[in-house]
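Asks:
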Amino acid sequence: MRRLQEAIQQVEDFARKNDHIRGLVYQGSLVMKNGKIDRFTDVDPAFYVDDVGYFLNDESWIKQFGTPIARFSDVGQNSDGMTWYTRLLLLKDGFKMDISFHHVNNAKYINEDPLYKVIIDKDGIFPKNTSRESNFYVKEPTEQQFHDKLNEFFFDTSYVIKSLRRNELFFTRFMYGVLNEKIEALLSWYMGIKHDFKVNIGAKGRYFFDLLDSKVKSMVIDTFAGKTYTDNLEALYAYFDLVHYLGAYIEEHLGLSYLHHTEKAMRKYIDQVKDIPLKLDEEIAL
735 MRRLQEAIQQ VEDFARKNDH IRGLVYQGSL VMKNGKIDRF TDVDPAFYVD DVGYFLNDES
795 WIKQFGTPIA RFSDVGQNSD GMTWYTRLLL LKDGFKMDIS FHHVNNAKYI NEDPLYKVII
855 DKDGIFPKNT SRESNFYVKE PTEQQFHDKL NEFFFDTSYV IKSLRRNELF FTRFMYGVLN
915 EKIEALLSWY MGIKHDFKVN IGAKGRYFFD LLDSKVKSMV IDTFAGKTYT DNLEALYAYF
975 DLVHYLGAYI EEHLGLSYLH HTEKAMRKYI DQVKDIPLKL DEEIAL
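Sequential numbering of the sequence shown, starting at 735, is according to our numbering.
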């Protein structure tokens, strides 16, 4: 795998030598003050060009960076509906590049990006850089937001136990992912309290395990389900324990009321249905 600095230099050389490229902006962990930089760090260059079609219609330029073993293309739009294009490349030497092409007219929208750094500006097309990592900081929740996540979590646990009892394990795995979305919010608020709401947890909580204390980290790991029914049921109860701990902590430190009654009722429901026979003892007619 090539060195990160080598890849950065390749991108900048490419931008400076190609006259169609009028600006280069970096995004992602490279421009984060506390970004995780390691062997898996990729580069996310955004090229601002005078002719987008030049790069989309003839992709021979990719060879300058290597040979892709996997790739993905996508399209995005800014707030005014102006289009930009991406070429996500995993190269043969193991290096990954997420490249985007924007028309130079899109440069005026650069401040819509939450975090970026202008590297090259050949024509002065970019407005003053107002990018700050604080744009990613966790926001303190309202009581309504807190209750919404709790209610969603507790209700969705009913789908987990139902699918488990029916041996619908693929759907069970999907529902654990749904529960994780609620856990992500609770964990982010927990971390916000710990860091005075000046903390960046990363996309989908990717930095949680770098930030969490050992107790909560252990509780999170307990929610990772195994293969058997018993393993999955224990994981479900571990979710309840985690939510209770996080919810009580948020209640204590932010003064938001935790839904103790709802948790108690849903735990009782799980206890009641986890072993009941699936087969009905009655005839059904519609």
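Think of the CB as a built atom: it goes at the ideal place given N, C-alpha and C, for glycine as much as any other residue. The model shown is predicted, which means the values in this text are computed figures rather than measured ones.
So for D785, helix, strand or coil by DSSP?
Replies: By 1-based counting over the sequence shown, the position of residue 785 is 51. D785 falls in the coil class under three-state DSSP.
Asks: Mapping DSSP to helix, strand and coil, what is S794?
Replies: Taking the first residue of the sequence shown as position 1, residue 794 is located at position 60. In this structure, S794 counts as helix in the three-state DSSP scheme.
Asks: Can you tell me whether DSSP reads S807 as helix, strand or coil?
Replies: Numbered from 1 along the sequence shown, position 73 holds the residue referred to as residue 807. Here S807 sits in strand by DSSP.
Asks: Quick check on this structure: which residue in V838, N812, R737 has the alpha carbon closest to the alpha carbon of D785?
Replies: Locating residue 785 in the sequence shown gives position 51, where the first residue counts as 1. If we check each option's Cα against that of D785, V838 comes out closest.
Asks: Identify, in the order they occur along the chain, each residue of the same chain with its Cβ nearer than 6 angstroms to the Cβ of L945, setting aside the five sequence neighbours on each side.
Replies: As a position in the sequence shown, residue 945 is number 211, starting the count at 1. Result list for L945: M925, in chain order.
Asks: I want to see whether chain C comes within less than 8 angstroms of F748, judged by CB atoms only; does it?
Replies: Reference to chain C is not applicable here, since this structure consists of a single protein chain.
Asks: Quick check: what's the CA-CA separation for D890 versus S991?
Replies: Taking the sequence shown and counting its residues from 1, the one referred to as residue 890 is at position 156. Taking the sequence shown and counting its residues from 1, the one referred to as residue 991 is at position 257. The alpha-carbon atoms of D890 and S991 are separated by roughly 20 angstroms.
Asks: Just to confirm the assignment: which complete beta strand (DSSP E) runs, minimum length 3, are found wholly within the stretch 739-764?
Replies: Entirely contained in the stretch 739-764, the beta strand (DSSP E) runs reaching 3 residues are, in chain order, 755-761.
Asks: Specify the secondary structure class of L1012 as computed by DSSP and reduced to three states.
Replies: Translated into positions along the sequence shown, residue 1012 becomes position 278. It is coil, neither helix nor strand.
Asks: Where do the ends of the alpha helix (DSSP H) carrying K856 lie?
Replies: The sequence position of residue 856 within the sequence shown is 122, counting from 1. Run containing K856: none; DSSP gives neither H nor E here.
Asks: Based on the DSSP secondary-structure assignment, which residues constitute the bridge partners of I833?
Replies: Reading the sequence shown from its first residue, position 99 is the one you call residue 833. Paired residues: R821.
Asks: What's the C-alpha gap between L758 and L823?
Replies: Numbered from 1 along the sequence shown, position 24 holds the residue referred to as residue 758. Numbered from 1 along the sequence shown, position 89 holds the residue referred to as residue 823. Cα to Cα, the separation comes out at about 18 angstroms.
Asks: Can you say whether T906 is buried or exposed, counting buried as having 16 or more other CB atoms within 10 angstroms of its CB?
Replies: Along the sequence shown, read from residue 1 onward, the residue named residue 906 stands at position 172. Label assigned to T906: buried.
Asks: Suppose the cutoff is 6 angstroms on Cβ atoms and the five residues either side in sequence are ignored; what does the same chain contact list for R1040 look like?
Replies: In the structure as shown, the chain starts at 735 and stops at 1020, and residue 1040 therefore has no counterpart that could be examined.
Asks: On the three-state DSSP scale, how would you describe V852?
Replies: Residue 852 sits at position 118 when you count from the first residue of the sequence shown. Residue state, collapsed to three classes: strand.
Asks: Express the C-alpha separation of K938 and D857 in angstroms, rounding to a whole number.
Replies: Locating residue 857 in the sequence shown gives position 123, counting from the first residue. Locating residue 938 in the sequence shown gives position 204, counting from the first residue. Whole-angstrom Cα-Cα distance: 36 angstroms.
Asks: Would you decide whether Q811 is buried or exposed? Buried here means 16 or more other CB atoms lie within 10 Å of its CB.
Replies: For the purposes of this step, residue 811 is identified with residue 77 of the sequence shown, where counting begins at 1. The residue in question, Q811, is exposed, as its Cβ has fewer than 16 Cβ neighbours within 10 Å.
Asks: Helix or strand or just coil, what does DSSP make of A919?
Replies: On the sequence shown, residue 919 is found 185 positions in, with the first residue counted as 1. Three-state DSSP puts A919 in a helix.
Asks: Beta-carbon within less than 8 angstroms of L825's beta-carbon, same chain only, minus the 5 sequence neighbours each way: which residues are those?
Replies: Counting from 1 along the sequence shown, the entry for residue 825 is found at position 91. Excluding sequence neighbours, L825 sits near F799, G800, T801, P802, I803, M831.
Asks: For my contact list, W818 and S834 are in at a C-beta cut-off of 8 angstroms; report their separation, rounded to the angstrom.
Replies: Working through the sequence shown from its first residue, we reach residue 818 at position 84. Working through the sequence shown from its first residue, we reach residue 834 at position 100. Going by Cβ atoms, the distance from W818 to S834 rounds to 6 angstroms, so yes, they are a contact pair.
Asks: Quick check on this structure: which residue in H994, W923, R756 has the alpha carbon closest to the alpha carbon of N840?
Replies: As a first step, residue 840 must be located in the sequence shown, where it is residue number 106. Ranking the options by Cα distance to N840, first place goes to R756.
Asks: On the criterion of 16 or more Cβ atoms from any shown chain inside 10 Å, does I844 qualify as buried, or is it exposed?
Replies: Counted from its first residue, the sequence shown places residue 844 at position 110. Buried.
Asks: Is it right to say P779 is buried, meaning 16 or more other beta carbons lie within 10 angstroms of its own, or is it exposed?
Replies: Indexing the sequence shown from 1 puts residue 779 at position 45. Buried, since its Cβ has 16 or more Cβ neighbours within 10 Å.
Asks: Determine, using beta carbons only, whether L898 and N966 come nearer to each other than 8 angstroms.
Replies: Indexing the sequence shown from 1 puts residue 898 at position 164. Indexing the sequence shown from 1 puts residue 966 at position 232. Their beta carbons are under 8 angstroms apart, which means L898 touches N966 by this criterion.
Asks: Would DSSP call D847 helix, strand or coil?
Replies: As a first step, residue 847 must be located in the sequence shown, where it is residue number 113. In the structure shown, D847 sits in coil (DSSP, three-state: anything other than H, G, I, E or B).
Asks: Do you know offhand how far D855's Cα is from K842's?
Replies: Within the sequence shown, the letter at position 121 stands for residue 855. Within the sequence shown, the letter at position 108 stands for residue 842. Cα to Cα, the separation comes out at about 12 angstroms.
Asks: Give me the DSSP bridge partner(s) of P802.
Replies: Within the sequence shown, the letter at position 68 stands for residue 802. DSSP, once it has assigned bridges, lists L825 as partnering P802.
Asks: Starting from the Cα of H929, find the closest Cα among F887, Y871, H995 and give me that residue.
Replies: Taking the sequence shown and counting its residues from 1, one reaches residue 929 at position 195. It is Y871 whose Cα lies nearest to the Cα of H929.
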